[in-house]
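Trainee: Numbering (the working numbering), first residue to last: -4 to 140. Every residue gets a Cβ at the ideal spot worked out from N, C-alpha and C, and that includes glycine.
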C-alpha cells in the first residue's frame, strides 16, 4: 500500500447533486421543489415551530394558568420547633443564617407554626404567621418587626 494509491471505500463518498441545470439532468426547471408554495421559494422552506398556517396557535388558544411570585424565592420558611433548638434569647436574621436554618439566597425569613415552643425568646425583624406569633407569646416571648 502506498499513499498515492489510497482512496475511500466504494460508496463512502457521494457526489453532490447539482440541481437546476437543465431539463436533461432530471432536476431542471423547478429543481425538485415542485410548483409554488413556501417550500418552492428561496429561504422560506423552514416554518417556525408552533406555526399553524395562520390560524390561532394552540398555545394562544389554551387558557393561561398559574402565577409565580418573585418574592417566593426570597423568603425562607423556618419552622417553629427549629427555633426551640437555638440557644439564644434574641432571634434575628443573622442568628438564623448562622444556624443554617436559612439558605444563602434568602433575603428574609418567616416563622411558620409547626411544632411547639417551650423557650422564651424575642423575634426581631423576622416575619411570622398569626399562629406562630400566638405560640411564641404563649411561651412568654415577643415578636417585633
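Would a C-beta distance cut-off of 9 Å place residue 53 and residue 61 closer than the cut-off?
Mentor: As a position in the chain shown, residue 53 is number 58, starting the count at 1. As a position in the chain shown, residue 61 is number 66, starting the count at 1. Cβ distance not < 9 Å, so residue 53 and residue 61 don't count as in contact.
Trainee: Residue 78 by DSSP, collapsed to three states: which one?
Mentor: Walking along the chain shown from the start, residue 78 turns up at place 83. In this structure, residue 78 counts as helix in the three-state DSSP scheme.
Trainee: Is residue 99 near residue 115, with beta carbons less than 9 Å apart?
Mentor: Sequence index remark: in the chain shown, residue 99 carries index 104 (1-based). Sequence index remark: in the chain shown, residue 115 carries index 120 (1-based). For residue 99 and residue 115, no; Cβs fall outside 9 Å.
Trainee: In chain order, what residues of the same chain lie with their CB nearer than 7 Å to the CB of residue 23, ignoring the 5 residues before and after it?
Mentor: Against the chain shown, residue 23 aligns to sequence position 28. Cβ neighbours of residue 23 beyond the five flanking positions: 15, 16 and 17.
Trainee: Within 10 angstroms of its Cβ, does residue 147 collect 16 or more other Cβ (buried), or is it exposed?
Mentor: In the structure displayed, the chain extends from -4 to 140; residue 147 sits before or after that span and is not available.
Trainee: Does the distance from the C-beta atom of residue 79 to that of residue 112 stay below 9 Å?
Mentor: As a working note, residue 79 is residue 84 in the chain shown. As a working note, residue 112 is residue 117 in the chain shown. It is a contact, given that the beta carbons lie within the stated cut-off.
Trainee: Give the C-beta separation of residue 120 and residue 87 to the nearest angstrom, bearing in mind that I take them to be a contact with Cβ-Cβ under 8 Å.
Mentor: Counting from one through the chain shown, the residue named residue 120 turns up at place 125. Counting from one through the chain shown, the residue named residue 87 turns up at place 92. Indeed, because the Cβ distance is near 5 Å, the residues count as touching under 8 Å.
Trainee: Within 10 angstroms of its Cβ, does residue 73 collect 16 or more other Cβ (buried), or is it exposed?
Mentor: Counted from its first residue, the chain shown places residue 73 at position 78. By the neighbour-count rule (16 or more Cβ atoms within 10 Å), residue 73 is buried.
Trainee: Output the distance between the C-alpha atoms of residue 125 and residue 91, rounded to the nearest integer angstrom.
Mentor: In the chain shown, the residue the question calls residue 125 occupies position 130. In the chain shown, the residue the question calls residue 91 occupies position 96. Rounded to whole angstroms, residue 125 to residue 91 spans 20 Å at the Cα level.
Trainee: Would you kindly work out how many angstroms separate the C-alpha atoms of residue 129 and residue 58, rounded to a whole number?
Mentor: Against the chain shown, residue 129 aligns to sequence position 134. Against the chain shown, residue 58 aligns to sequence position 63. Each residue's Cα considered, the two are about 41 Å apart.
Trainee: For the alpha helix (DSSP H) that contains residue 91, what are its first and last residues?
Mentor: As a first step, residue 91 is located in the chain shown; it is residue number 96 there, counting from the start. First-last of the alpha helix (DSSP H) with residue 91: 88 to 93.
Trainee: Within 10 angstroms of its Cβ, does residue 21 collect 16 or more other Cβ (buried), or is it exposed?
Mentor: Position 26 of the chain shown holds residue 21. Residue 21 comes out exposed.
Trainee: The beta strand (DSSP E) that contains residue -2, what's its start and end?
Mentor: Counted from its first residue, the chain shown places residue -2 at position 3. Counting along the chain, residue -2 falls outside any beta strand (DSSP E), and DSSP gives it neither H nor E.
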